[in-house]
Each structure stands twice: as C-alpha cells, then as structure tokens.
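In my numbering, the protein residues as written are 1378 to 1538.
As structure tokens, the structure follows; a few thoughts come after it.
Written as structure tokens, this is what we have:
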C-alpha cells in the first residue's frame, strides 16, 4: 500500500492529527522521531548544526520511514527531492490553514526554531504556501476540527486499500 504523507506549515495540527490517526494506523511523526533518534530537541539541533544539518537528517528520516502514514515537519517541502520522493511513493495531503490562525497557535512556542517576529514567520508561510500547493495531491481545509481532518484522511486511506 502506498503511504500517506501529511504536510503543512507549523501549527496546522499535523501532530495532533497524527496522534489521533495512530489509534488505528501505523503513524510516523517525523519531528517526534527526530527527537528520539538524535536525543535533542529540534531547536537545540538547529542551534548546534543549523537548518541545513537538520534538513539533511529530516530527509533521511523521511526516506527510511516504514509507516503507512508519515506526519512531516513544516519544512520538509524545502528540499525538492523530498517533494519528489513523497509524490512518487504515496499520496500527499496538505493541511491548509490561514496564517492568522496558525500564528495564534505558535506565537509563544519557543520549541519551534523558526518562530520569530510575526512578519518573518508570515513571510516564510507565504513563500512555502505555493510549494505546499504544488506538492499536494489533496488539500484539506485546516480550520476544521482534528476529528474532521482525521476522518477525511481515514477516507483517503480506505479508498487506497
């Protein structure tokens, strides 16, 4: 069975969706696995090794995942080879959430290394948005509840089986 990859900007609810899906499916949450495998937070790893070092290891985790569902970090789409890999090996689902809703969720989260000033994060969001759109096979409206989004992803999984 092909994989399902869940993509989207930080703060869209990908991790919460992954937790809900893991009640019924084999789910790999890449950010959580990164912390387990490298023994430090993403923010600490960023500080020590930079974004390029993080992205290289994130790409390895993506390619080595054996799970049916892969919940990605928000920046997985930064590398074209990751977008190609996901398209070739599964269905890519984008959780598309308006920026102001995301900002309310993330503005005080110091565990996110790329969270800074509103304008800086919004610029990153605006730059990544067309990349998410281009890389996705399916766009889900991110203002829906976690339960609704999970149900939509489950229906994709059922169609694929």
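Ideal placement from N, C-alpha and C gives every residue a C-beta, glycine not left out.
Comparing alpha-carbon positions, the option among 1452, 1439 and 1422 lying closest to residue 1498 turns out to be 1452. Per the coordinates, the alpha-carbon of residue 1404 lies some 6 Å from the alpha-carbon of residue 1444.
Annotated as proximal: residue 1517 and residue 1529, with beta-carbon spacing under 8 Å.
Annotated three-state conformation of residue 1494 is coil, per DSSP. When the alpha-carbon of residue 1446 is set against those of 1402, 1512 and 1419, the nearest one is in 1402. Judged by beta-carbon spacing, residue 1392 lies within the 8 Å limit of residue 1448, meaning their Cβ atoms are closer than that value.
Secondary structure of residue 1484 (DSSP, three-state): coil. Residue 1425 and residue 1467 have their C-alpha atoms some 33 Å from each other. The three-state secondary structure of residue 1427, taken from DSSP, is helix. In terms of CA proximity to residue 1519, 1472 leads the group 1472, 1478 and 1398. If you draw a straight line from the Cα of residue 1479 to the Cα of residue 1388, it is about 5 Å long. The DSSP-derived three-state label of residue 1516 is strand.
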